[in-house]
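Contents: one structure, followed by commentary.
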Amino acid sequence: MAQIAMIEGRYEEAETYLLGALANVGIYYRPRGFDHLSYIADLAENRALADDFEGAQAYLDQAQTVIDQFHGEEGVWHPKLVMAEALLVAKRDGAEAGEAYLRESGMTSQIVSRSLIGSFGWERLGTLGVNTAAL
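For the sequence shown, this note's numbering begins at 1293 and goes up steadily by one.
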């Protein structure tokens, strides 16, 4: 539901769905789980799509706080967080900056979210080596 709302530009509705899902996950799992980070990444992506760059960055900062708190110096790598950050960079600083961020992150061989396809376009993602066929 949240992804459909995001695609259709209903960002407030999407955020409501995502916050509800995040709260539900918090009831059943410890906050350090990948599910939490996944929903936080979705929330950041949603804010970036709505051109709320400060809101998107706030969610990414929240994710980093969770990572720091529960994973310490080891950290944890979450592909959805990388994609959300790339989308934020693309929307805020332009597609070329987003492409550069994506390339530097090492995500070029990973499957990329639909939102990134909308920001970069199929052809540009293909030139970076992103597996668009899997989408």
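C-beta: ideal position from N, C-alpha, C; glycine also. The structure displayed is predicted, hence computed values, not measured ones.
Residue i at chain D interface by Cβ criterion, 9 angstroms
i, result
"Ala1376", "Annotation note: the requested chain D is absent from the structure, which comprises a single protein chain."
Residue range of the alpha helix (DSSP H) that includes residue i
i, result
"Ala1342", "Segment: none, Ala1342 is in no alpha helix (DSSP H) and carries neither H nor E."
"Met1375", "1371-1385"
"Met1298", "1294-1299"
Residue i versus the options, residue with shortest Cα-Cα distance
i, options, result
"Arg1339", "Asp1360, Tyr1393, Lys1383, Glu1396", "Lys1383"
"Leu1310", "Asp1353, Arg1302, Asp1327, Asp1334", "Asp1334"
"Tyr1303", "Asn1316, Ala1336, Asp1327", "Ala1336"
"Glu1300", "Gln1349, Glu1391, Leu1373, Leu1341", "Leu1341"
"Glu1346", "Gln1361, Glu1377, Gly1364", "Glu1377"
Sequence-distant residues of the same chain with beta carbon closer than 6 angstroms to residue i, five excluded per side
i, result
"His1370", "Leu1329"
"Val1381", "Ala1389, Gly1390, Tyr1393"
Own chain residues within Cβ distance below 8 angstroms of residue i, not counting five before or after
i, result
"Ala1313", "Ala1294, Tyr1331"
"Ala1297", "Tyr1303, Glu1305, Ala1306, Tyr1309"
Outcome for residue i when other beta-carbon atoms lying within 10 angstroms are tallied against a minimum of 16
i, result
"Ile1359", "buried"
"Glu1307", "buried"
"Glu1391", "buried"
"Ala1355", "buried"
"Ala1315", "exposed"
Closer than 8 angstroms: residue i CB and nearest the ligand MN heavy atom
i, result
"Ala1382", "The ligand MN is not part of this structure, which contains no ligands at all."
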